[in-house]
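Have a look at the structure below, then the notes.
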Amino acid sequence: MWNKRRDDEPTARPAAPPAPPAMEHRVEPAPAMSAPVKPPAADPPRGVAAIGKSVIIKGQILSREDLWLDGEIEGTVEVPEHRLTIGPHARLSAGIRAREVIVLGGVNGNVEATEKIDIRKDARLIGDIKTGGIIIEDGAYFKGSIDIVRGTDGTKPAQQPKPQAKDAVPVQASAAVEGRR
Amino acid sequence: MFLNRWRRPQEAGSRPGAPPAATGSLSPPGEAPRSRRSNGLEQFFSQIRGESGLTLLDLSGASQANVGFITDLGHRLYSDDLIATLDCVFGGGDFYERQLDEAAQATFLDQSFAFPGGSFDGVLLWDVLEFMAPPLLSKVMERLTAIVRPGAYIFALFHNEENADEVALSHYRIGDSGTLLLASRGFRKPAQLFSNRAVEKLFHEFQSVKFFLSRDSLREVIVRR
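Here it is as structure tokens:
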């Protein structure tokens, strides 16, 4: 009676995952915590200029309309008055300046988003951010500094001066560039 | 020198293999983050209240809660997930054994503590020191001492369970100036656990060390450079 076998009793802690990691950590699935999780956007919306995931560009990109990047970009990206979306397959090693930035992929570089930046779950951003507002979803990785730029009234983001007109110069492209309108 | 009870990997039965990415792995679905009162955190923010434009270092990984709270106070934030960086640099083998490798130590320090001297006015260190083997810890403390300006405050947490083989690993989120939200990211074997005396020795180059009592298994400490 006192030595009753307890083999089939449930254990207090959750069972280890099938492929146990080193250091005996048990890492549990990630739920939403503070920021609302938006559905992942795997494809660019219709009517948005897009650079596909098989494209490699080294140089400067300047867009005067909303832009979706899903390729490998090295250089600078400027979308001064519109939204820049960095897709889930994107690998950017670039300085970025845009009105609004949504990050779903990987970025290594500084980002200036005059209005706001939205770093989604599974995104990876290493660099310094200067922005009017920021959203970071749980599950995103960010390493760098964050400067919130307030407007003169203390709430609105600073307005960017009108950009100098420059044309985009893709120096190297290894595959076709997708453009949708 | 800092060790209270450093566990060599073979003593605690660590397994080889890559550690999981520690980025954003939070409480299981449906499990709300645990909320706890934090007198230490309240004291930390009361020390910098009235000042704005300070630069704070948060080593628990970027979160909406921490970024929002700190930037709303008018401060600049540098965010890093030190546990994730530890995993990245020292993973793929025996975690604590790899921490003894000097080249890997240098990589880690360059990735996480390469700041000019006196860069920070405050540091939210959380419990990361418990997951560093003494040789690495000693170098981290050296860098930490250098990158905070004199008079700056550091907020750190230490687990109380001195005999625990593993401790809860959490993302620390700021609810308000006196409330912490702990989102679980699993359990982990610590490199060492610290007594109060060991904490004082750890920060022996700092001006003061202040302990805060709590009702759970975490001790809160505020250190002044």
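So the sequences go chain by chain: A and B.
Going by my numbering, the final residue of the first sequence carries number 188, and the count climbs one at a time with no gaps.
Going by my numbering, the final residue of the second sequence carries number 258, and the count climbs one at a time with no gaps.
Think of the CB as a built atom: it goes at the ideal place given N, C-alpha and C, for glycine as much as any other residue.
Would you call P149 (chain B) buried or exposed, if buried means 16 or more other Cβ atoms sit within 10 Å of its Cβ?
Flag for P149 (chain B) reads exposed.
Helix, strand or coil for E199 (chain B), going by three-state DSSP, please let me know.
In this structure, E199 (chain B) counts as coil in the three-state DSSP scheme.
Does R154 (chain A) come within less than 7 Å of chain B when only Cβ atoms are used?
A quick correction: the sequence has Asp, not Arg, at residue 154 (chain A). Interface residue, yes.
Which residues of the region 75-87 of chain B have a Cβ closer than 8 Å to any Cβ of chain A? Give them in chain order.
Listed by position, the residues of the region 75-87 of chain B near chain A (Cβ gap below 8 Å) amount to none.
Pull up the DSSP beta-bridge partners for A216 (chain B), would you.
Per DSSP, B:H204.
Just to confirm before moving on: does the CB-CB distance between G146 (chain A) and D129 (chain A) stay below 7 Å?
Yes. Within cutoff.
Between the C-alpha atoms of F245 (chain B) and L89 (chain B), what's the straight-line distance to the nearest angstrom?
Rounded to the nearest angstrom, the two C-alpha atoms are 21 Å apart.
Could you check where the beta strand (DSSP E) with S112 (chain B) kicks off and where it finishes?
Its beta strand (DSSP E) spans residues 109-112.
Using C-beta distances below 8 Å, list every residue in its chain close to D75 (chain B), excluding the 5 sequence neighbours before and after it, in chain order.
A small correction: the amino acid at residue 75 (chain B) is Glu; Asp does not occupy that position in the sequence shown. Taken in chain order, the residues that qualify are S210, G211.
Buried or exposed for A95 (chain B), please, with buried defined as at least 16 other CB atoms from any protein chain shown within 10 angstroms of its CB.
Flag for A95 (chain B) reads buried.
What first and last residue would you give for the beta strand (DSSP E) that runs through V256 (chain B)?
Start and end: 251-257.
Terminal residues of the continuous alpha helix (DSSP H) containing V173 (chain B)?
First-last of the alpha helix (DSSP H) with V173 (chain B): 167-180.
So what does DSSP say about K128 (chain A), is it helix, strand or coil?
K128 (chain A) falls in the coil class under three-state DSSP.
Please go through the same chain and pick out, in chain order, the residues whose beta-carbon is closer than 6 Å to the beta-carbon of A105 (chain A), but skip the five residues on each side of it.
Answer for A105 (chain A): V86, L91, A120, listed in chain order.
Does DSSP put D160 (chain B) in a helix, a strand or coil?
D160 (chain B) falls in the coil class under three-state DSSP.
Which same chain residues, not among the five before or five after L74 (chain A), have their C-beta less than 6 Å away from its C-beta?
The answer, listed in chain order, is A56, V86, L91.
My assumption, with CB atoms under 8 Å, is that S93 (chain B) sits in contact with D114 (chain B). Please give the rounded CB distance.
That pair is a contact at about 7 Å.
So, for V110 (chain A): in the same chain, excluding its five sequence neighbours on each side, which residues have a beta-carbon less than 6 Å away from its beta-carbon?
Excluding residues within five positions, the ones whose Cβ falls inside 6 Å are I93, I126, A130, L132.
Sort A:I58, A:T83, A:S61, A:P52 by Cα distance to Q67 (chain A) and report the nearest one.
With distances taken between Cα atoms, Q67 (chain A) lies closest to A:T83.
Helix, strand or coil: which one does DSSP assign to K60 (chain A)?
Reduced to three states, the DSSP call for K60 (chain A) is coil.
Within the same chain, show all residues whose beta-carbon is closer than 8 Å to that of F146 (chain B), passing over the 5 residues directly before and after it, in chain order.
Same-chain partners within the cutoff: V173, R176, L177, I180.
Would P223 (chain B) be called buried (16 or more neighbouring beta carbons within 10 Å of its own) or exposed?
That one is buried.
Could you list which residues in chain A have their beta carbon closer than 9 Å to that of R67 (chain B), in chain order?
Those within 9 Å of R67 (chain B) in chain A number zero; the least Cβ separation is about 12 Å.
Report the residue from B:S217, B:V254, B:A136, B:P66 whose alpha carbon sits nearest the alpha carbon of L235 (chain B).
When each option's Cα is compared against that of L235 (chain B), the closest is B:V254.
Buried or exposed: which applies to Q240 (chain B), given that a residue is buried once 16 or more other Cβ atoms fall within 10 Å of its Cβ?
With fewer than 16 other Cβ atoms within 10 Å, it is exposed.
Is Q76 (chain B) near the ligand ZN, judged by its Cβ being under 6 Å from some heavy atom?
Inclusion of the ligand ZN in the displayed structure is not the case, the ligand content being empty and no account of it being possible.
Counting C-beta neighbours from all protein chains within 10 Å, is the total for K243 (chain B) 16 or more, i.e. buried, or is it exposed?
Exposed.
If you drop the 5 nearest sequence neighbours on each side, which residues of the same chain put their C-beta closer than 7 Å to that of S203 (chain B)?
Contacts found: L215, A216, S217, R218.
Check each candidate in B:T140, B:R182, B:P167 and name the one with the smallest Cα separation from G266 (chain B).
Residue numbering for chain B in the displayed model covers 34 to 258; residue 266 (chain B) lies beyond these limits and cannot be assessed.
Candidates A:D77, A:G116, A:I80, A:T138: which alpha carbon is nearest K150 (chain A)'s?
The residue with the shortest Cα to Cα distance from K150 (chain A) is A:G116.
Pull up the distance between the alpha-carbon of G155 (chain B) and that of F227 (chain B), whole angstroms please.
Approximately 22 Å between the Cα atoms of the pair.
Mark R258 (chain B) as exposed unless 16 or more other C-beta atoms lie within 10 angstroms of its C-beta, in which case mark it buried.
Per the 10 Å Cβ criterion, buried.
Grab me the residues of R109 (chain B)'s own chain with a C-beta within less than 8 Å of its C-beta, minus the 5 sequence neighbours each way, in chain order.
Here the set comprises G86, L87, T88, L89.
In chain B, what lies closer than 8 Å to I93 (chain A) by C-beta?
Simply none; closest approach about 16 Å.
To the nearest angstrom, how far is it from the Cα of G83 (chain B) to the Cα of L106 (chain B)?
When rounded, the distance between both Cα atoms is 9 Å.
Tell me, please, which residues DSSP counts as bridged to E79 (chain A).
DSSP output for E79 (chain A) lists A:I63, A:R98 as bridge partner(s).
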